[in-house]
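Numbering (this note's numbering), first residue to last: 694 to 859.
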């Protein structure tokens, strides 16, 4: 995957996918209006978030996931993120899979220039967008006895515009 596409994808991930993860972990199952008190399971006030494990072939995306989850915790103030040695609980993240599928495509059957000033050589296929699907798992584990207090998998999908050379 070209560097520009990877960069755009990573930006999309940082803004979208982890916001869903954090809201699911921090917000609970129901939608609430107003200022309701939100707590971690077992009432933890501090938590550690080590770097996600990456089971995909996409190099270095685990750091972006980890940073975004920490940012969401800092923003929500549900629990303070501290070093693993100081925390009574740990949130472990795993990026299970990621897939890129071409979306909209323009196919040229002959040399043409259309009204949009798009000039394509004969038999050219131009992908205009990509659909990215992602699966990740988060686990909240109590350090004292390694008991899993909460675990959930998340599937997310997004569409982003492919870079176009002008």
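All C-beta atoms, glycine included, are put in the ideal place defined by N, C-alpha and C.
Source: prediction; values computed, not measured.
Could you spell out where the beta strand (DSSP E) holding residue i opens and where it closes?
i: residue 798; result: 798–801
i: residue 830; result: 822–835
i: residue 732; result: That residue, residue 732, is in no beta strand (DSSP E); it is neither H nor E in DSSP.
i: residue 844; result: 841–854
i: residue 787; result: 782–795
Report yes if the CB atom of residue i is closer than 9 Å to the CB atom of residue j, and no otherwise.
i: residue 852; j: residue 824; result: yes
i: residue 762; j: residue 784; result: yes
i: residue 832; j: residue 855; result: no
What's the gap between the Cα of residue i and the Cα of residue j?
i: residue 819; j: residue 795; result: 10 Å
i: residue 827; j: residue 758; result: 12 Å
i: residue 777; j: residue 835; result: 11 Å
i: residue 840; j: residue 849; result: 27 Å
i: residue 733; j: residue 843; result: 10 Å
i: residue 775; j: residue 765; result: 14 Å
i: residue 830; j: residue 816; result: 42 Å
i: residue 845; j: residue 742; result: 16 Å
i: residue 797; j: residue 814; result: 18 Å
i: residue 786; j: residue 767; result: 17 Å
i: residue 801; j: residue 735; result: 60 Å
Need the endpoints of the alpha helix (DSSP H) that residue i sits in, please.
i: residue 764; result: 754–769
I'd like the list of long-range same chain contacts for residue i, defined as Cβ closer than 6 Å, with 5 residues on each side in sequence excluded.
i: residue 791; result: 749, 751 and 827
i: residue 744; result: 755 and 759
Which same chain residues end up closer than 7 Å to residue i when comparing Cβ atoms and leaving out the 5 residues on each side of it in sequence?
i: residue 737; result: 772, 781 and 782
i: residue 697; result: Per-residue confidence for residue 697 stands at a pLDDT of 47, beneath the threshold of 50, marking its modelled position as unreliable; the derived number appears in the next sentence. Result list for residue 697: 856, in chain order.
i: residue 739; result: 772, 773, 775, 779, 780 and 781
i: residue 747; result: 754, 755 and 788
Within the present structure, is the beta-carbon of residue i separated from the nearest heavy atom of the ligand ADP by less than 8 Å?
i: residue 842; result: The model on display carries no ligand, and the ligand ADP is accordingly not part of it.
Take residue i and list the residues in its own chain whose beta-carbon comes closer than 8 Å to its own, dropping the five residues that flank it on each side.
i: residue 837; result: 781
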